[in-house]
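Everything in the sequence shown is counted per my numbering, starting at 11 for the first residue and increasing by one. Built from N, CA and C at the ideal position, the CB exists for glycine as well. Computed from a predicted structure; not experimentally measured. Presented below is the structure to which this report refers.
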Amino acid sequence: SIDPALRRPGRFDREIEIGVPGRRARAEILAVHLRDMPLTEDVTPERLASMTQGYVGADLAALCREAAMQCLSSRMGEFDLDRPIPQDVLESMKVSMDDFSAALGDVEPSGMREVLVEIPKVTWDDVGGLDDVRRRIEEVLVPEEGNRAYDRLGVEPGKGILLYGPPGTGKTLIAKAMANESGTNFISVNGPEVASKWMGESERAIRQIFKRAKQMAPCIIFFDELDSIAPIRGMGDSTAWERVVAQLLTSMDGVEGLRNVTVMGATNRPDMIDPALLRPGRFDSLVLVGRPDAASRLGILRVHTKRMPLDGVDLDAVAAATDGYVGADLAALCREAGLAAYREDPDSDRVLQRHFDAALKAVGPSVSQADMDAYENVGKKIGKRRTGWDNIPFYG
Numbered sequence: 011s012i013d014p015a016l017r018r019p020g021r022f023d024r025e026i027e028i029g030v031p032g033r034r035a036r037a038e039i040l041a042v043h044l045r046d047m048p049l050t051e052d053v054t055p056e057r058l059a060s061m062t063q064g065y066v067g068a069d070l071a072a073l074c075r076e077a078a079m080q081c082l083s084s085r086m087g088e089f090d091l092d093r094p095i096p097q098d099v100l101e102s103m104k105v106s107m108d109d110f111s112a113a114l115g116d117v118e119p120s121g122m123r124e125v126l127v128e129i130p131k132v133t134w135d136d137v138g139g140l141d142d143v144r145r146r147i148e149e150v151l152v153p154e155e156g157n158r159a160y161d162r163l164g165v166e167p168g169k170g171i172l173l174y175g176p177p178g179t180g181k182t183l184i185a186k187a188m189a190n191e192s193g194t195n196f197i198s199v200n201g202p203e204v205a206s207k208w209m210g211e212s213e214r215a216i217r218q219i220f221k222r223a224k225q226m227a228p229c230i231i232f233f234d235e236l237d238s239i240a241p242i243r244g245m246g247d248s249t250a251w252e253r254v255v256a257q258l259l260t261s262m263d264g265v266e267g268l269r270n271v272t273v274m275g276a277t278n279r280p281d282m283i284d285p286a287l288l289r290p291g292r293f294d295s296l297v298l299v300g301r302p303d304a305a306s307r308l309g310i311l312r313v314h315t316k317r318m319p320l321d322g323v324d325l326d327a328v329a330a331a332t333d334g335y336v337g338a339d340l341a342a343l344c345r346e347a348g349l350a351a352y353r354e355d356p357d358s359d360r361v362l363q364r365h366f367d368a369a370l371k372a373v374g375p376s377v378s379q380a381d382m383d384a385y386e387n388v389g390k391k392i393g394k395r396r397t398g399w400d401n402i403p404f405y406g
């Protein structure tokens with residue numbers, strides 16, 4: 011909105027962009043605002059920094075003020091508002107994590123306004139297993155010290171990851187967990203949210219998403235159901251999606267100058283994605299998320315049974331008996347075992363091995379070996395289009 015004449019040489023010669031602070035910078039800002047505040051032992055700048063993605067300095071200052079007000083309001087019954095607060099009450103007041111949790115609901119982060127943003131609360135413990143997939147993604151989502159190591163080796167980290175595989179394997183969950191574990195901001199995009207009947211609106215939304223990701227760096231832009239956002243051009247009657255694909259290609263090429271922005275996509279139909287997106291410099295890493303092995307199935311079962319009152323259930327045996335099951339199948343299996351216990355005795359407070367045995371008869375694998383073979387073949391075909399494509403089928 012500034013007149014371009016003011017930005018010419020000889021006037022405002024230099025432009026410095028001050029973006030949204032990263033995790034480490036947020037911790038340093040919070041340390042300043044918390045240094046004179048009485049806190050309980052569980053409150054630390056580092057812990058709060060991990061919970062405040064997208065917050066700028068003014069937001070963090072407002073958060074600290076709001077937390078102090080939450081603490082004060084919780085103790086208002088202990089003193090008379092018409093008189094000075096007793097010294098012993100003041101000295102006993104400490105701002106707790108509960109106060110900050112309440113304040114987080116009232117203070118909106120500036121870096122997340124006017125864009126489709128989500129702060130993932132999913133950790134890798136919620137995923138269970140899939141360590142090979144995690145390791146491959148971590149090679150792209152390198153932390154700051156990893157970037158320095160890449161610089162020493164003269165290697166440029168990848169900027170795009172495509173997770174592909176059958177439904178129910180946990181692709182979206184993996185993306186959220188990786189964003190959480192790396193302390194990275196997360197912008198989630200779905201096809202229906204980008205689509206617009208108005209000419210140019212969808213392209214403008216893509217540009218805005220990439221612009222905001224740069225401001226929020228380090229940041230992951232996650233395109234769920236990428237095939238619906240970027241289908242192969244020329245296959246349909248409408249040119250609307252062709253414009254969206256063109257804008258997405260342009261924006262990803264522009265990511266070259268954004269060191270801490272990673273584009274991640276997930277799809278069940280990699281064969282339907284426009285080939286231009288799968289060229290080097292865009293989605294550099296192709297990761298097949300298929301059927302988990304026995305160790306990963308055990309991890310997934312532990313995630314879904316951690317709140318169940320198990321009694322004598324051999325999860326290792328269940329994991330061995332579920333060859334070919336994906337994450338969604340295992341979640342359904344655990345639900346069915348709980349329902350089997352309820353059907354047997356509505357007052358029961360235990361889930362036994364026989365309930366899992368019954369569930370195994372009711373819930374089978376949803377992904378066949380033929381399905382996995384098809385996904386691996388698609389990956390191989392895509393890999394032949396380019397030199398140096400790293401296609402690693404981890405499972406199946």
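- Distance from the Cα of G168 is smallest, within the candidate group V313, R162, G389 and E148, for E148.
- DSSP places A240 in no beta strand (DSSP E); its state is neither H nor E.
- Proximity to L173 across A256, E211 and D294 peaks at D294, based on C-alpha coordinates.
- For S106, the secondary structure class from DSSP, reduced to helix, strand or coil, is coil.
- In the three-state reduction of the DSSP assignment, V336 falls in the coil class.
- Between E386 and L298 a beta carbon distance of about 7 Å is seen, short of the 8 Å cut, so the two are scored as contacting.
- Inter-residue distance for L259 and A384 is about 27 Å (C-alpha atoms, whole angstroms).
- Counting only runs of 3 or more residues that sit fully inside the segment 327-373, no beta strand (DSSP E) segment turns up.
- The continuous beta strand (DSSP E) containing V297 extends over residues S295 to L298.
- Taking 8 Å as the cut-off, the Cβ atoms of N190 and P228 do not count as close.
- Scanning K371, L183 and A256 for the CA closest to the CA of D135 turns up L183.
- According to the DSSP assignment, N200 belongs to the beta strand (DSSP E) that extends over N195 to N200.
- Taking C-alpha positions only, G180 is separated from N278 by approximately 11 Å.
- No residue range can be given for A15, since it is assigned to no beta strand (DSSP E) and is classified by DSSP as neither H nor E.
- A distance of 8 Å or more separates the beta carbons of I239 and T194.
- With at least 16 other beta carbons inside 10 angstroms of its own, F196 counts as buried.
- Cβ contact annotation for D381 (same chain, cutoff 7 Å, sequence separation greater than five): P176, in chain order.
- Residue environment analysis places T50 among the exposed positions, since fewer than 16 neighbouring C-beta atoms fall within 10 angstroms of its C-beta.
- Counting only residues of its own chain and dropping the five nearest sequence neighbours on each side, A350 has a CB closer than 7 Å to the CB of H365, A368 and A369.
- Within the same chain, T50 come within 6 Å of S106 by CB-CB distance, once the 5 residues on both sides are set aside.
- Spanning the alpha carbons of A113 and A37 requires a straight line of approximately 17 Å.
- In terms of Cβ geometry, P241 and M282 form a close pair [threshold 8 Å].
- Taking A41 as the centre and dropping the five residues before and after it, the same chain places the C-beta of P55 closer than 8 Å to its C-beta, in chain order.
- Following the DSSP letters along the chain, one finds G170 inside the beta strand (DSSP E) bounded by residues G170 to Y174.
- The residues D234, in chain order, have a CB closer than 6 Å to that of N200 in the same chain once the five nearest residues on each side in sequence are set aside.
- Just so you know, the alpha carbons of T249 and R243 end up roughly 8 Å apart.
- Annotation: the continuous beta strand (DSSP E) that includes A276 extends over V271 to T277.
- Taking S378 as the centre and dropping the five residues before and after it, the same chain places the C-beta of G334 closer than 8 Å to its C-beta, in chain order.
- The C-alpha of S83 lies about 20 Å from the C-alpha of D52.
- A341 is the residue among Q80, V66 and A341 whose C-alpha sits nearest the C-alpha of A372.
- When the beta-carbon positions are compared, G139 and A305 come within less than 8 Å of each other.
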